[in-house]
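See structure below.
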Amino acid sequence: MVVKFESVSHTYNLGTPMEQRVLKEVNLKIESGQYIAVVGHTGSGKSTLIQHMNALLKPTSGTVTIQEKSISASIKTKNLKAIRQKVGLVFQFPEYQLFEETVEKDIMFGPMNYGVSQDEARKRAAEVIPIVGLEADILQHSPFNLSGGQMRRVAIAGILAMEPDVLILDEPTAGLDPKGQREIMKIFEDLHKNYQKTIILVSHDMDLVCQYAQQMIVMHRGEVKLQGTPKEVFEQVELLNECGITLPIPARNYQHFAEKFGLSMSSLPLTVTEFVEKVTEVAERS
Amino acid sequence: MNGIIIGQYLPGFSLWHRLDPRAKIITSSIFIVACFLIHSWPFMLLIVFLELIAMRLTKIPFSYFVRSLKPILFFIVLTVLLQVMFTNSGTPLINIGFFQITDEGLNRGGFMALRLAIVVIISTLLTLTTKPADLTLALESLMSPLRKIKFPVSELALMISIALRFVPTLFSETQKILKSQASRGVDITEGKIKDKISQLISLLVPLFIMSFKRADELANAMEVRGYVPGKRRTSINVLNWKPADTLLIFIAIFIFVVAIIF
């Protein structure tokens with residue numbers, strides 16, 4: 031097990047008039063090697079949740095365990111740095127964190143902060159560049175002359191160079207065109223399949239979630255409302271509605287289709303492939 | 028941002044909140060000037076007393092004002108010490124080596140401390156009870172006579188309001204970048220000076236880039252909506268001068284004149 035939350039609560043601005051309780055008694059487990067999606071409406075506490083996984087935030091009460099290391103309200107901030115190396119957090123629009131003169135230096139920044147030697151860091155930069163789908167000659171370019179999509183890949187490479195076991199992605203496709211979205215999602219799929227990384231994906235896009243994630247966590251008003259495979263989760267149509275989560279497009283299309291022809295609405299198809307299968311099946315039967 | 032009270036605004040509907048910001052600025056200025064011209068304790072204490080009344084009128088917890096003094100506490104203590112140690116006139120009370128503590132020194136030190144505290148409290152009173160937008164509107168209105176000498180009053184007011192508008196934005200951007208660099212192993216609290224500098228750069232470069240980008244976007248957005256520098260513009264918020272505002276200013280001037288004459 032990589033990440034475990036035991037009745038974790040988090041309150042911002044504790045003890046002031048602006049006090050805000052964003053996580054309420056959250057319990058969850060994430061197994062090693064999983065591809066898990068965290069979904070929820072804006073303000074549901076997703077981003078607070080993932081910042082706990084990276085030890086950027088400490089719980090107000092309860093315990094977060096990351097790879098056998100427990101974090102509670104009383105732990106000293108100094109002891110948290112090691113955890114951040116094991117859990118790489120790719121923030122939304124990560125291209126804003128680039129600052130060095132060359133792509134190579136920027137990728138080397140993370141590992142070197144964790145005491146990796148310069149030579150080793152340079153080696154790692156050369157290793158991660160092809161993983162994110164970039165050419166080696168880009169290493170000597172300035173990151174600020176790259177396109178938006180390339181900058182994002184460089185930023186992701188900077189996290190990968192720290193060799194984390196877990197990769198948390200906060201809306202990694204935000205602001206990219208459909209082709210760029212597919213390409214970037216391909217990187218994470220590759221990391222999950224070929225490098226055995228645990229992937230935690232935060233997304234609003236249910237189509238992406240259904241396409242890639244094995245497990246899902248649904249957050250609503252600071253609580254974990256549902257946890258399970260996408261198939262299990264999307265059975266609970268009413269509860270999802272309450273949480274402000276829409277079905278993926280193939281499922282919605284199938285609902286219209288099923289309504290028109292008076293078919294059963296149970297076990298909705300979640301991806302395009304499933305939709306085609308389901309419709310073919312219906313067509314063949316009639 | 029936490030703990031810095033001066034410059035913050037606390038929404039409310041008290042009498043003091045509802046006064047015209049121009050009246051508040053003028054009154055505050057009068058009292059600040061007055062407390063530097065006054066040399067007698069009774070009038071100084073009168074100003075303190077009036078300030079206490081104003082604080083009550085805002086219905087803001089007293090602790091906010093006390094906390095507003097915290098950032099300048101060091102400064103106050105330093106001035107008092109310097110005044111007490113380097114004043115040689117007056118009746119000597121205690122001798123410590125080279126230094127002589129005189130009644131005159133204590134008197135001046137106390138006065139200076141009180142002055143500084145009053146200035147900070149008056150400014151806090153103003154900003155806590157006035158929306159930043161109203162404050163700039165009031166400044167623009169007060170500076171409008173300067174238009175006669177071709178001074179770009181509305182441009183200046185716009186600059187101030189944009190600057191104020193972007194304080195929270197910049198603050199949240201800083202937090203975001205700080206967090207993303209923290210997850211890349213940046214820890215400002217430890218390491219050698221050399222490491223710290225490179226870590227600071229990792230914060231400043233993205234911040235600069237972000238600010239330029241925002242400025243560019245804002246400029247475009249303003250132009251798209253027809254902003255032309257130098258053109259006369261009307262404002263959605265109109266300041267409303269009431270009899271109470273006139274009364275406030277008369278009281279302030281009266282106290283000022285009386286305090287100066289005596």
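Those protein sequences? They're chains C and H, same order as listed. To convert, take the position in the first sequence, counting from 1, and add 30; that gives the numbering used here. To convert, take the position in the second sequence, counting from 1, and add 27; that gives the numbering used here. Where a beta carbon is used, it is the ideal one built from N, C-alpha and C, also for glycine.
Reduced DSSP category for residue i - H, G, I as helix; E, B as strand; rest coil
| i | result |
| --- | --- |
| residue 30 of chain H | The predicted model places residue 30 of chain H with a pLDDT of 47, which falls under 50 and marks its position as unreliable; any figure quoted below should be read in that light. Reduced to three states, the DSSP call for residue 30 of chain H is coil. |
| residue 271 of chain C | helix |
| residue 90 of chain C | coil |
| residue 249 of chain C | strand |
| residue 34 of chain C | strand |
| residue 221 of chain C | helix |
| residue 275 of chain H | helix |
| residue 65 of chain H | coil |
| residue 159 of chain C | helix |
| residue 257 of chain C | strand |
| residue 316 of chain C | coil |
| residue 231 of chain C | strand |
| residue 242 of chain C | helix |
| residue 99 of chain C | strand |
| residue 183 of chain H | helix |
| residue 195 of chain C | coil |
| residue 207 of chain C | coil |
| residue 216 of chain C | helix |
| residue 104 of chain H | helix |
Partner residues on chain C for residue i, Cβ-Cβ distance less than 8 angstroms
| i | result |
| --- | --- |
| residue 209 of chain H | 86 and 114 |
| residue 90 of chain H | Going along chain C, no residue has its Cβ under 8 angstroms from residue 90 of chain H, so there is no contact; the nearest lies around 12 angstroms. |
| residue 233 of chain H | 126, 127, 128 and 129 |
Distance between residue j and residue i (C-alpha atoms, nearest Å)
| i | j | result |
| --- | --- | --- |
| residue 52 of chain C | residue 166 of chain H | 39 angstroms |
| residue 143 of chain H | residue 128 of chain H | 21 angstroms |
| residue 130 of chain C | residue 242 of chain C | 33 angstroms |
| residue 242 of chain H | residue 175 of chain H | 30 angstroms |
| residue 277 of chain H | residue 191 of chain H | 31 angstroms |
| residue 59 of chain C | residue 258 of chain C | 11 angstroms |
| residue 128 of chain C | residue 208 of chain H | 9 angstroms |
| residue 287 of chain C | residue 271 of chain C | 20 angstroms |
| residue 34 of chain C | residue 51 of chain H | 55 angstroms |
| residue 38 of chain H | residue 158 of chain H | 8 angstroms |
| residue 280 of chain C | residue 234 of chain C | 16 angstroms |
| residue 168 of chain C | residue 105 of chain C | 41 angstroms |
| residue 240 of chain C | residue 61 of chain C | 19 angstroms |
| residue 199 of chain C | residue 75 of chain H | 56 angstroms |
| residue 222 of chain H | residue 31 of chain C | 35 angstroms |
| residue 273 of chain H | residue 57 of chain H | 14 angstroms |
Contacting residues, own chain, Cβ-Cβ under 6 angstroms from residue i (five flanking each side not counted)
| i | result |
| --- | --- |
| residue 29 of chain H | For residue 29 of chain H, the predicted model reports a pLDDT of 46, less than 50, meaning its position is unreliable; a value from the coordinates is still stated below. So the list is empty, once near-sequence residues are dropped. |
| residue 85 of chain H | 41, 43 and 156 |
| residue 158 of chain C | 187, 190 and 191 |
Residues near residue i in its chain [Cβ-Cβ closer than 7 angstroms; skip 5 each side]
| i | result |
| --- | --- |
| residue 273 of chain C | 70, 71, 248, 250 and 255 |
| residue 120 of chain H | 128, 129 and 130 |
| residue 54 of chain H | 275, 276 and 279 |
| residue 103 of chain C | 88, 89, 90 and 91 |
| residue 59 of chain H | 146 and 149 |
| residue 291 of chain H | For residue 291 of chain H there is no data in the structure shown, the boundaries of chain H being 28 and 289. |
Identity of the residues DSSP links to residue i by a beta bridge
| i | result |
| --- | --- |
| residue 70 of chain C | C:249 |
| residue 50 of chain C | C:42 |
| residue 58 of chain C | C:35 |
| residue 263 of chain H | For residue 263 of chain H, which the question treats as bridged, DSSP gives no partner whatsoever. |
| residue 63 of chain C | Its beta-bridge partners do not exist; DSSP assigns none. |
| residue 126 of chain H | H:123 |
Sequence-distant residues of its chain with Cβ nearer than 8 angstroms to residue i (five each side left out)
| i | result |
| --- | --- |
| residue 87 of chain C | 40, 78 and 81 |
| residue 101 of chain C | 82, 85, 88, 89, 93, 94, 95, 110 and 113 |
| residue 266 of chain H | 47, 48, 49, 161, 164, 165 and 168 |
| residue 259 of chain H | 181 |
| residue 189 of chain H | 245 |
| residue 36 of chain H | 154, 155, 156, 157, 158 and 159 |
| residue 264 of chain H | 160, 161 and 164 |
| residue 206 of chain C | 178, 179, 182 and 214 |
| residue 43 of chain C | 49 and 50 |
| residue 232 of chain C | 67, 68, 69, 76, 77, 80, 198, 199, 200 and 201 |
Contacts of residue i in chain H (Cβ-Cβ under 9 angstroms)
| i | result |
| --- | --- |
| residue 139 of chain C | 208, 211, 212, 213, 225 and 229 |
| residue 188 of chain C | 211 |
Partner residues on chain C for residue i, Cβ-Cβ distance less than 7 angstroms
| i | result |
| --- | --- |
| residue 237 of chain H | 126 |
| residue 204 of chain H | 126 and 127 |
Within-8 angstroms CB hit, residue i to chain B
| i | result |
| --- | --- |
| residue 197 of chain C | The structure shown contains no chain B; the protein chains it does contain are C and H. |
Neighbouring residues, chain H, relative to residue i (Cβ below 7 angstroms)
| i | result |
| --- | --- |
| residue 300 of chain C | Per Cβ cutoff of 7 angstroms: no residues; residue 300 of chain C is ~31 angstroms from chain H at best. |
| residue 119 of chain C | 210 |
Beta-carbon neighbours of residue i, restricted to chain H and to distances below 8 angstroms
| i | result |
| --- | --- |
| residue 35 of chain C | The premise fails here: residue 35 of chain C is roughly 18 angstroms from chain H at the closest Cβ pair, so nothing lies under 8 angstroms. |
| residue 111 of chain C | 212 and 214 |
The ligand NAP heavy atom lying under 7 angstroms from the CB of residue i
| i | result |
| --- | --- |
| residue 173 of chain C | No copy of the ligand NAP occurs in the structure displayed, which carries no ligand at all. |
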